[in-house]
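Protein chains in written order, with this note's numbering: chain A, 8 to 336; chain B, 45 to 194.
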């Protein structure tokens, strides 16, 4: 049996924290929220401290942040309809490099493809945009606008090894896209959730995808057949009954295979893989935050290290440890 | 703009609450927070128009699991103001209830043509957050909540 050990609470954001994410090397943490700032956290004397506050580029809530695969670029997505790419390759500190404009309203999420060549963004305007980086990476050109969702698009995500793009939406669907000649086209639509799909995450091999929803369930989708981007995905598992409210975040740890969820009930849950390939609920950490848990993120390098953020304005760091038996007497 | 419901039925208001109040966040206490919200169209309150009532406020006030569920009833099934009314109730509760309360605002089942779509919007905190950053919308909501506009 396991438990979540609280390691540290990071204070600084002045309003709801929407998103928290580790850099690819796992040494930097980025967060953002309704206070219109991005905060960069790193370790000093064994404790995570705020190293930098990025502000001034967005005039509304910053909904999410994400690192490029090399870790030198950071993208922030805002309700102001723009994304800002921040670069630290010159000075070591993140400086704003370019602003991506085009979405009609709130941009919710952005992710680079595994090789860093493509960037995908999504918005309440119902569209997913694919951007292509110039060779030196200093410019981005839109190379496709995907309008297959009928409602706002909450997240985009690239497959860890193939050029396969996934999006999750308020229309209850998960869409998969790949390139056909030069055009990005809809490859498959995964239906089954009965409410908004808030988040998606791949496992380490990329053969499985997990999704979480306002319908209070998790679904695991599996690639049927050989590993190719035109392969067909099928729902292999639905986990319901564990979450009494909206599940806002799900993250599949690429090292341990554990799955963490962030829920509207202020609880963080951790699942481990059981012998039959199912998910077994191993940790239910009640009152992990004082309000809704908006995002959970596994450290990509340090085993069992989890970051979470909440409407309570805090970011918390956790370590999954073996639960020692408590003696009653 | 023409009124959608020209001649609404007007109901009497509840008298003020008397005596010692043990729990300020029981259904009556929460009803008191929302009954004076102005209707966006009529010079009447949501209580007078029977859009909200005490029996339609459900409260669970346990320290570890506090929640409020408010059902509201639009005066006509095609009311285009339903989302705005729901938002006003939501904002009033967000501003006045302790943060431990989870608030759910829904249309009374069977009383609006777009019931499901409106309930889904009101339950999406991301869309609510974005809406509340819209200054024009906040002006209208503050008028409904009778907040002094500076």
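The beta-carbon is built from N, C-alpha and C at its ideal position, and this holds for glycine as well.
Please read these numbers as outputs of a predicted model, since none were measured by experiment.
Residue 140 of chain A in three-state terms, based on DSSP:
If you number the first chain from 1, residue 140 of chain A lands on position 133. If DSSP states are grouped into helix, strand and coil, residue 140 of chain A belongs with the strands.
So is residue 56 of chain A buried or exposed if we call it buried at 16+ other beta carbons inside 10 Å?
For the purposes of this step, residue 56 of chain A is taken as residue 49 along the first chain, with counting starting at 1. Under the 10 Å beta carbon count, residue 56 of chain A is surrounded by fewer than 16 other beta carbons and is classified as exposed.
Quick one: what does DSSP say residue 101 of chain A is sitting in, helix, strand or coil?
Here residue 101 of chain A refers to the residue found at position 94 when the first chain is read from its first residue. In the structure shown, residue 101 of chain A falls within a coil segment according to DSSP collapsed to helix, strand and coil.
So, helix, strand or coil for residue 163 of chain B, using DSSP?
The residue given as residue 163 of chain B occupies position 119 in the second chain. Helix.
Assigned exposure category for residue 166 of chain A - 16 Cβ within 10 Å defines buried
One-based indexing of the first chain puts residue 166 of chain A at position 159. So residue 166 of chain A ends up on the buried side.
Going by CA-CA distance only, name the one from A:94, A:327, A:200 and A:37 that's closest to residue 242 of chain A.
Counted from its first residue, the first chain places residue 242 of chain A at position 235. Considering only A:94, A:327, A:200 and A:37, the residue with the shortest C-alpha distance to residue 242 of chain A is A:200.
What's the call for residue 61 of chain B, buried or exposed, on a 16-neighbour Cβ count within 10 Å?
The sequence position of residue 61 of chain B within the second chain is 17, counting from 1. Burial call: exposed.
May I ask you to list the residues that DSSP assigns as paired with residue 228 of chain A?
As a working mapping, residue 228 of chain A is identified with position 221 in the first chain. Listed as beta-bridge partners of residue 228 of chain A by DSSP are A:216 and A:242.
Mind checking which residues open and close the alpha helix (DSSP H) that includes residue 74 of chain B?
On the second chain, position 30 is the one that residue 74 of chain B refers to. That run of the alpha helix (DSSP H) goes 71-78.
What is the DSSP secondary structure of residue 121 of chain A, counted as helix, strand or coil?
As a position in the first chain, residue 121 of chain A is number 114, starting the count at 1. Three-state DSSP puts residue 121 of chain A in coil, outside helix and strand.
The alpha helix (DSSP H) that contains residue 283 of chain A, what's its start and end?
Indexing the first chain from 1 puts residue 283 of chain A at position 276. It is not in any alpha helix (DSSP H) - residue 283 of chain A carries neither H nor E in the DSSP assignment.
Return the chain-ordered list of same chain residues with a C-beta closer than 8 Å to the C-beta of residue 65 of chain B, the five sequence neighbours on each side being excluded.
On the second chain, residue 65 of chain B is found 21 positions in, with the first residue counted as 1. Excluding sequence neighbours, residue 65 of chain B sits near 73.
For residue 158 of chain B and chain A, any beta-carbon pair shorter than 8 Å?
In the second chain, residue 158 of chain B corresponds to position 114, counting from 1. Put simply, the CB of residue 158 of chain B is far from chain A, with every gap to its CB atoms at 8 Å or more.
Do you know how far the Cα of residue 53 of chain B is from the Cα of residue 319 of chain A?
By one-based count along the first chain, residue 319 of chain A stands at place 312. By one-based count along the second chain, residue 53 of chain B stands at place 9. Within the model, the alpha-carbon separation for residue 319 of chain A versus residue 53 of chain B is close to 42 Å.
Report the partner residues of residue 209 of chain A according to the DSSP bridge assignment.
Start at 1 with the first residue of the first chain, and residue 209 of chain A comes out as number 202. Beta-bridge pairing links residue 209 of chain A to A:216.
C-alpha gap between residue 142 of chain B and residue 77 of chain A, whole angstroms:
In the second chain, counting from the first residue as 1, residue 142 of chain B sits at position 98. In the first chain, counting from the first residue as 1, residue 77 of chain A sits at position 70. In this model, residue 142 of chain B and residue 77 of chain A are separated by some 43 Å (Cα to Cα).
Quick check on residue 196 of chain A: does DSSP put it in helix, strand or coil?
Counting from one through the first chain, the residue named residue 196 of chain A turns up at place 189. It is a strand residue.
Quick one: list the residues of chain B neighbouring residue 203 of chain A, beta-carbon separation under 8 Å, in chain order.
Taking the first residue of the first chain as position 1, residue 203 of chain A is located at position 196. Residues of chain B with a Cβ closer than 8 Å to the Cβ of residue 203 of chain A are, in chain order, 164 and 168.
8 Å Cβ cutoff met for residue 302 of chain A and residue 254 of chain A:
Indexing the first chain from 1 puts residue 302 of chain A at position 295. Indexing the first chain from 1 puts residue 254 of chain A at position 247. The Cβ atoms of residue 302 of chain A and residue 254 of chain A lie no closer than 8 Å to each other.
Does DSSP classify residue 182 of chain B as helix, strand or coil?
Within the second chain, residue 182 of chain B is the residue found at index 138, counting from 1. The answer is helix: DSSP assigns residue 182 of chain B an H, G or I state.
In angstroms with no decimal places, state the Cα-to-Cα distance between residue 185 of chain B and residue 154 of chain B.
As a working mapping, residue 185 of chain B is identified with position 141 in the second chain. As a working mapping, residue 154 of chain B is identified with position 110 in the second chain. So the two alpha carbons sit approximately 25 Å from each other.
Report yes or no: is there a C-beta of chain D within less than 8 Å of the C-beta of residue 146 of chain B?
Included in the structure are the protein chains A and B, with no chain D among them.
Taking 8 Å as the CB-CB cut-off, is residue 126 of chain A touching chain B?
As a first step, residue 126 of chain A is located in the first chain; it is residue number 119 there, counting from the start. The C-beta of residue 126 of chain A comes no closer than 8 Å to any C-beta of chain B.
Below-8 Å beta-carbon distance, residue 276 of chain A vs any chain B residue
Reading the first chain from its first residue, position 269 is the one you call residue 276 of chain A. It does not: the Cβ of residue 276 of chain A has no partner Cβ on chain B nearer than 8 Å.
Using 8 Å as the cut-off, can you tell me whether the region 113-131 of chain B makes contact with the region 160-174 of chain B, which would need three or more C-beta pairs spanning the two stretches below that distance?
In short, these stretches touch, since the Cβ pair count reaches three.
Can you tell me whether residue 120 of chain B is helix, strand or coil according to DSSP?
Within the second chain, numbered from 1, the residue matching residue 120 of chain B stands at position 76. When secondary structure is reduced to three states using DSSP, residue 120 of chain B falls in the coil class, being assigned neither helix nor strand.
Residue 252 of chain A, enclosing beta strand (DSSP E) - first and last residue
Your numbering for residue 252 of chain A matches position 245 in the first chain. Looking at the DSSP string, residue 252 of chain A is not in any beta strand (DSSP E), and its letter there is neither H nor E.
Against residue 97 of chain B, what residues of chain A qualify as contacts under a CB-to-CB distance less than 8 Å, listed in chain order?
Counting from one through the second chain, the residue named residue 97 of chain B turns up at place 53. Among the residues of chain A, none has a CB under 8 Å from the CB of residue 97 of chain B; the nearest is roughly 26 Å distant.
State yes or no: is the C-beta of residue 28 of chain A within less than 8 Å of the C-beta of residue 73 of chain A?
One-based indexing of the first chain puts residue 28 of chain A at position 21. One-based indexing of the first chain puts residue 73 of chain A at position 66. Yes, Cβ-Cβ distance for residue 28 of chain A and residue 73 of chain A is below 8 Å.
Minimum length 3: unbroken beta strand (DSSP E) runs contained in the region 17-92 of chain A
Runs of the beta strand (DSSP E) inside the region 17-92 of chain A: 24-29, 35-40, 45-51, 54-61, 69-74 and 80-85.
Is the region 151-169 of chain A touching the region 121-141 of chain A, taking contact as three or more C-beta pairs under 8 Å?
Judged by Cβ distances under 8 Å, the region 151-169 of chain A makes contact with the region 121-141 of chain A, as three or more pairs qualify.
Examine chain A for any beta-carbon lying closer than 8 Å to the beta-carbon of residue 143 of chain B, and answer yes or no.
Looking up residue 143 of chain B in the second chain gives position 99. At least one C-beta of chain A is nearer than 8 Å to the C-beta of residue 143 of chain B.
Could you tell me whether the Cβ of residue 41 of chain A comes closer than 8 Å to any Cβ of chain B?
Looking up residue 41 of chain A in the first chain gives position 34. Closer than 8 Å: yes.
Three-state secondary structure assigned by DSSP to residue 130 of chain B
Along the second chain, read from residue 1 onward, the residue named residue 130 of chain B stands at position 86. DSSP places residue 130 of chain B in helix when its eight states are reduced to three.
Continuous alpha helix (DSSP H) stretch holding residue 170 of chain B: start and end:
Position 126 of the second chain, counting from 1, holds the residue named residue 170 of chain B. Per DSSP, residue 170 of chain B belongs to the alpha helix (DSSP H) from 169-175.
Taking Cβ-Cβ distances shorter than 8 Å, what residues in chain A pair up with residue 177 of chain B?
As a first step, residue 177 of chain B is located in the second chain; it is residue number 133 there, counting from the start. What residue 177 of chain B touches in chain A: 67, 68 and 86.
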